[in-house]
Amino acid sequence: MGNLKFQKVTLFEFIIFIHSLQLASGMLIMPSPLATTAGTDGWISIILGWIVTSIIGVFIILMLQKNPNKNFSQILKTYFGKWIGTILFLAYAFYLFFAGFNTLLKATDIVKVWIFPS
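Each residue of the sequence shown is one higher than the one before, starting from 11 at the first, in our numbering.
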């Protein structure tokens with residue numbers, strides 16, 4: 011266990027990783043609400059959402075590369091100031107928490123329905 015070497019993730023690997031996560035969580039959460047709201051044109055919003063989140067992810071990577079000795083919170087405070095940077099970081103943290111919690115709830119529902127049917 012002590013011989014593990016940490017390697018840097020390339021931009022291409024990051025994009026593939028994020029794409030895989032989005033695809034997996036999208037398959038758990040989106041189909042029913044998207045189909046009832048958008049009908050058969052829902053695929054357009056999925057592609058646009060993927061493009062937007064990929065662009066945001068690339069910007070985050072570029073910011074982290076320009077500031078290798080700072081974490082995301084410190085970078086936001088540098089670019090936006092102490093108060094706005096803190097607010098943006100807290101909003102991002104809450105978003106990640108609730109998105110993860112929502113995905114966990116949906117995955118639990120799928121396990122209850124498909125693996126443990128009553």
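The C-beta atom is built at its ideal place from N, Cα and C for all residues, glycine as well.
Inset, instruction - For Phe-22, name the three-state secondary structure that DSSP assigns. - result: helix
Legend entry - Minimum C-alpha distance to Leu-21 - residue among Ile-57, Leu-44, Gln-75, Ala-48: Gln-75
Inset, instruction - Could you tell me which uninterrupted beta strand (DSSP E) segments, each at least 3 residues in length, are contained entirely in the stretch 35-86, listed from first to last along the chain? - result: none
Legend entry - Val-68 versus Ile-61 - alpha carbon distance: 11 angstroms
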